[in-house]
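Quick notes on the structure that follows.
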Amino acid sequence: MEIEIATIGGYEEVGRQMTAVRAGDDIVVFDMGLNLSKVLIHDDVRTEQMHSLDLIDMGAIPDDRVMSDLQGDVKAIVPTHGHLDHIGAISKLAHRYDAPIVAAPFTIELVKDEIQDENKFNTENDLVTMEAGETMPIGDSGELDLEFVNVTHSIIDAINPVLHTPEGAVVYGLDKRMDHTPVIGDPIDMDRFREIGREGEGVLCYIEDCTNANKKGRTPSESVARDRLKDVMYSLEDYDGGIVATTFSSHIARVKSLVEFARDIGRKPILLGRSMEKYSGAASRMDGVDFPDVEMYGRRQGIERTFQRIMNEGKGNFLPVVTGHQGEPRAMLTRMGRAETPYELDEGDKVIFSATVIPEPTNEGQRYQSENLLGMQGARIYDDVHVSGHLSREGHYQMLQALQPQNVIPAHQNMKGFSGYVELAGNQGYKLGRDLHVTTNGNVIQLVEE
Ligand SMILES: [Zn+2]
1 MEIEIATIGG YEEVGRQMTA VRAGDDIVVF DMGLNLSKVL IHDDVRTEQM HSLDLIDMGA
61 IPDDRVMSDL QGDVKAIVPT HGHLDHIGAI SKLAHRYDAP IVAAPFTIEL VKDEIQDENK
121 FNTENDLVTM EAGETMPIGD SGELDLEFVN VTHSIIDAIN PVLHTPEGAV VYGLDKRMDH
181 TPVIGDPIDM DRFREIGREG EGVLCYIEDC TNANKKGRTP SESVARDRLK DVMYSLEDYD
241 GGIVATTFSS HIARVKSLVE FARDIGRKPI LLGRSMEKYS GAASRMDGVD FPDVEMYGRR
301 QGIERTFQRI MNEGKGNFLP VVTGHQGEPR AMLTRMGRAE TPYELDEGDK VIFSATVIPE
361 PTNEGQRYQS ENLLGMQGAR IYDDVHVSGH LSREGHYQML QALQPQNVIP AHQNMKGFSG
421 YVELAGNQGY KLGRDLHVTT NGNVIQLVEE
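Residues 1 to 450 (full-length UniProt numbering) are what the sequence shown spells out, left to right.
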């Protein structure tokens, strides 16, 4: 069976991920993401009203015109998890394909939000939920199966999809870290990866998340981030002034830890900001997700009223968990820094950033500005109380050992970002141009000829 991989987006950047695998007459698309930094750079862009081609020209969404080079029909669109760089272009591109969107439950919930917020296009693709550990047949040949393997990442319900073909498995490895003690959900299913590496024809191709390929060692578990956060928050138990925390709104496990430790030190946690309400709201609606019951407000009026209440009842009784961990100009924490909210920071108040700055000039500049504004109000900053959601080098090594893939394709980075992975794979016997395929956006790699 002829097998081709189209590297559509996310091979020159971290963002706008999209990859298609053609096996015979059937095609499966993995991810349809947005490159948020290309959007945020323009002050006035409203993506929900924009046409796909304009967004492609901006570099904001994948240029899927390369799909016309693939001789087959798309049978499924499979987002791996709910981060915008993996689902943010579904509302702009999915309607062009007559195929269902297949994803894990929390991801489907967030895809629904994306589709609802869209003003320009109607996405009518069927939404199909599949859990980690499950498999479904793809296409009419009877020879293809799609399997979801449970992985661990900075959002719940992340999976790695595997397309089983007669030529071997294609394993799409975005995004994950190797977490054996995640705060929510099951550990990464390494046993299953090892099985896939050894059963049948083995692994034909592995596409790897290279976000942290240039980082040595191992990415710690979420339980390590939880311990660090606990250490910071317990150390503030006697402080009776204001404490404010921020993190990635989609990082449900981290928000859960913030809520729990706030209560431990005698404060009432309240989630504030549109995206806080969106992600935590979705998590609290899900069956089987161990998310605490907590107050949250997403609309301006509710937020202002809550800040008033906090000021009236005493800042020492509350822990507002707000948006703005990257210093986004319109986010809640940045507005607090500019003294634009009723919440007044006093000399000595604490601000906890349970996030790192995404290493990108726009973010770095905005975060610098935000921290300075907060500092000018007297705030003490607790920075980088966080661990990454992506594998570092030893995790990449372990994945190669588990899967023993015949071909590897580094993804989710640019050329510079791939370099650490090329070195690692080279040391494991892979050869550039033979079975180690470093590529850019818009290419087709033929793995098996007819
Ligand atoms: Zn991700």
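We put the CB at the ideal spot given by N, CA and C, even for glycine.
For glutamine 428, does the three-state DSSP call read helix, strand or coil? In the sequence shown, the residue the question calls residue 428 occupies position 428. The answer is coil: DSSP assigns glutamine 428 none of H, G, I, E or B.
Could you please give me the residues that DSSP links to glycine 242 through a beta bridge? Within the sequence shown, the letter at position 242 stands for residue 242. According to DSSP, which records beta bridges pairwise, glycine 242 is partnered with nothing at all.
When you get a sec, list the residues whose CB is within less than 5 Å of any heavy atom of ligand 1, chain order please. Any heavy atom of ligand 1 counts here; residues with a Cβ closer than 5 Å to one of them, in chain order, are His83, Asp175.
Out of Gly9, Glu114, Lys38, point me to the one whose CA is closest to methionine 67's CA. Counted from its first residue, the sequence shown places residue 67 at position 67. Measuring from the Cα of methionine 67, the nearest candidate turns out to be Gly9.
Using CA coordinates, which residue listed in Glu328, Phe353, Glu304, Leu436 is at the minimum distance from proline 342? By one-based count along the sequence shown, residue 342 stands at place 342. Comparing alpha-carbon positions, the option among Glu328, Phe353, Glu304, Leu436 lying closest to proline 342 turns out to be Glu304.
Beta-carbon contacts of serine 37 that lie in its chain and below 7 Å, excluding the five residues immediately before and after: If you number the sequence shown from 1, residue 37 lands on position 37. Around serine 37: Gly15, Glu360, Thr362.
Is histidine 42 buried or exposed, if buried means 16 or more other CB atoms sit within 10 Å of its CB? Along the sequence shown, one-based indexing puts residue 42 at 42. The C-beta of histidine 42 has fewer than 16 other C-beta atoms within 10 Å across all chains shown, which makes the residue exposed.
Is it buried or exposed, residue 456, if we count other Cβ atoms within 10 angstroms and call 16 or more buried? Because the chain is modelled from 1 through 450, residue 456 falls outside the range shown and cannot be assessed.
For threonine 19, is the classification buried or exposed, using 16 other Cβ atoms within 10 angstroms of its Cβ as the cut-off for buried? Stepping through the sequence shown from its first residue, residue 19 is reached at position 19. Buried, by the Cβ-count rule.
Buried or exposed for glutamine 116, please, with buried defined as at least 16 other CB atoms from any protein chain shown within 10 angstroms of its CB. Locating residue 116 in the sequence shown gives position 116, counting from the first residue. When all chains shown are included, glutamine 116 counts as exposed.
Considering just the uninterrupted stretch of the beta strand (DSSP E) at leucine 373, what are its terminal residues? As a working mapping, residue 373 is identified with position 373 in the sequence shown. Unbroken run through leucine 373 is the alpha helix (DSSP H), 361-376; no beta strand (DSSP E).
Residues sharing a beta bridge with residue 479, DSSP: The structure shown has nothing for residue 479, since the chain only spans 1 to 450.
Would you call tyrosine 206 buried or exposed, if buried means 16 or more other Cβ atoms sit within 10 Å of its Cβ? If you number the sequence shown from 1, residue 206 lands on position 206. Around the beta-carbon of tyrosine 206, 16 or more other beta-carbon atoms lie within 10 Å, marking it buried.
Look up glycine 281 in the DSSP assignment and say whether it is helix, strand or coil. Translated into the one-based positions of the sequence shown, residue 281 becomes position 281. In the structure shown, glycine 281 sits in a helix (DSSP, three-state: H, G or I).
Does the stretch 265-276 come close enough to the stretch 318-330 to have 3 or more Cβ pairs within less than 8 Å? The answer is yes - the stretch 318-330 touches the stretch 265-276, with three or more Cβ pairs under 8 Å.
Quick check: what's the CA-CA separation for alanine 6 versus tyrosine 368? Translated into positions along the sequence shown, residue 6 becomes position 6. Translated into positions along the sequence shown, residue 368 becomes position 368. Taking the Cα positions, alanine 6 is about 38 Å away from tyrosine 368.
Coil, strand or helix - glycine 139 by DSSP: Indexing the sequence shown from 1 puts residue 139 at position 139. Under the three-state reduction of DSSP output, glycine 139 falls in the coil class, being neither helix nor strand.
Straight-line gap, valine 29 to isoleucine 156 (C-alpha atoms, nearest Å): Sequence index remark: in the sequence shown, residue 29 carries index 29 (1-based). Sequence index remark: in the sequence shown, residue 156 carries index 156 (1-based). Distance between valine 29 and isoleucine 156, taken at the CA atoms: about 21 Å.
At the level of alpha carbons, what is the spacing between isoleucine 409 and aspartate 384? Walking along the sequence shown from the start, residue 409 turns up at place 409. Walking along the sequence shown from the start, residue 384 turns up at place 384. Approximately 31 Å, taken between the alpha carbons.
Could you say which of Leu163, Arg218, Val128, Tyr279 lies nearest to glutamate 143 if we only look at CA atoms? What you label residue 143 is simply residue 143 of the sequence shown in a count that begins at 1. Closest by alpha carbon: Leu163.
Beta-carbon proximity list for arginine 194, same chain, < 7 Å, skipping 5 on both sides: In the sequence shown, counting from the first residue as 1, residue 194 sits at position 194. Residues Ala402 of the same chain have their beta carbon placed closer than 7 Å to that of arginine 194, with the five preceding and five following residues left out of the count.
Sub-7 Å separation of residue 459 and valine 255 beta-carbons: Outside the shown range of the chain (1 to 450) lies residue 459, about which nothing can therefore be said.
Can you tell me which residues form a DSSP beta bridge with lysine 350? Sequence index remark: in the sequence shown, residue 350 carries index 350 (1-based). Lysine 350 pairs with Ile243, Arg380.
Pick helix, strand or coil for leucine 163, following the three-state DSSP scheme. On the sequence shown, residue 163 is found 163 positions in, with the first residue counted as 1. Three-state result, leucine 163: strand.
Just grab the DSSP bridge partners of arginine 22 for me. Looking up residue 22 in the sequence shown gives position 22. Arginine 22 is bridged to Glu4, Ile27.
Please check the pair glycine 33 and serine 141, which I expect to be a contact at CB under 8 Å, by giving their CB distance rounded to whole angstroms. Along the sequence shown, read from residue 1 onward, the residue named residue 33 stands at position 33. Along the sequence shown, read from residue 1 onward, the residue named residue 141 stands at position 141. Going by Cβ atoms, the distance from glycine 33 to serine 141 rounds to 28 Å, so no, they are not a contact pair.
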